[in-house]
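For reference, the structure is listed below as structure tokens.
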């Protein structure tokens, strides 16, 4: 039986107790693990499969293992958490927000419900990034990203379909980092 994300007890109503959850991309599948009151994963609920090798996250020749994911929060203000995805392959490139949908309480994402937000976010120009759904507290998506070979950490503030409202340099001390989160 497939569990519906946010409906932990199967009654058709989303349950959001406020514990940190985790999305895992294991290279083949994307899983949602629920946090529990003991601050461990899956104490009260089994993990939920969000995507696999033939699911709508992939585009063209891209595989799940060639996508970087980040939490966008509720980017389009429709009450459903959305998902940031970067296609890491040079021939697929691009940064998108997948506007999640809920149909009969079932969480879903689709290539037809995504918005491009960053055309120059390849792994060559932005080796690592993470979402800070609203770092400056103005209701808009923000990202932290590194710059190759420099140690520079930048904040891309107020991302929209037309790009970032502003980009600021936050630090010069991030040389050699393999990931930011």
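Residue numbers (the UniProt record's numbering): 1 to 181.
The beta carbon of each residue, even a glycine, is placed where N, CA and C say it ideally should be.
*Give a yes or no on whether the C-beta atoms belonging to residue 182 and residue 48 are separated by under 9 Å.*
Any question about residue 182 goes unanswered here, given that the chain covers just 1 to 181.
*Spell out the partners DSSP gives residue 115 in its beta bridges.*
Here the question's residue 115 lines up with position 115 in the chain shown. Residue pairing by DSSP places residue 115 opposite 97 in a beta bridge.
_Proximal residues to residue 128 (C-beta, below 6 Å), its chain only, five neighbours per side dropped_ = Against the chain shown, residue 128 aligns to sequence position 128. Cβ neighbours of residue 128 beyond the five flanking positions: 146, 179, 180.
*May I ask you to list the residues that DSSP assigns as paired with residue 33?*
Translated into the one-based positions of the chain shown, residue 33 becomes position 33. Note: residue 33 sits in a beta bridge opposite 22.
*Use the C-beta contact count for residue 137: other C-beta atoms within 10 angstroms, 16 or more gives buried, fewer gives exposed.*
Against the chain shown, residue 137 aligns to sequence position 137. Residue 137 is exposed by the Cβ-count criterion.
*My understanding is that residue 83 touches residue 95, with C-beta atoms under 8 Å, so please give their C-beta distance in whole angstroms.*
Counting from 1 along the chain shown, the entry for residue 83 is found at position 83. Counting from 1 along the chain shown, the entry for residue 95 is found at position 95. About 12 Å separates the two Cβ atoms, so there is no contact after all.
_Residue nearest to residue 169 in terms of C-alpha spacing, selected from 51, 21, 157_ = Residue 169 sits at position 169 when you count from the first residue of the chain shown. When each option's Cα is compared against that of residue 169, the closest is 157.
*Go ahead and label residue 118 buried or exposed: buried means 16 or more other beta carbons lie within 10 angstroms of its beta carbon, across all protein chains shown.*
Position 118 of the chain shown, counted from the start, is the residue given in the question as residue 118. With a threshold of 16 other beta carbon atoms within 10 Å, residue 118 meets it and is buried.
*Should residue 34 go down as buried or exposed, given a rule of 16 or more other Cβ atoms within 10 Å for buried?*
Position 34 of the chain shown holds residue 34. Buried, because 16 or more other Cβ atoms sit within 10 Å of the Cβ of residue 34.
*Same chain, Cβ closer than 6 Å to residue 114, neighbours up to 5 away in sequence not counted*: Here residue 114 refers to the residue found at position 114 when the chain shown is read from its first residue. Excluding positions up to five away in sequence, the list reads 96, 98.
*Neighbourhood of residue 88 by C-beta, 7 Å cutoff - its chain only, sequence neighbours within 5 removed*: Along the chain shown, read from residue 1 onward, the residue named residue 88 stands at position 88. The residues are 66, 67, 68, 123.
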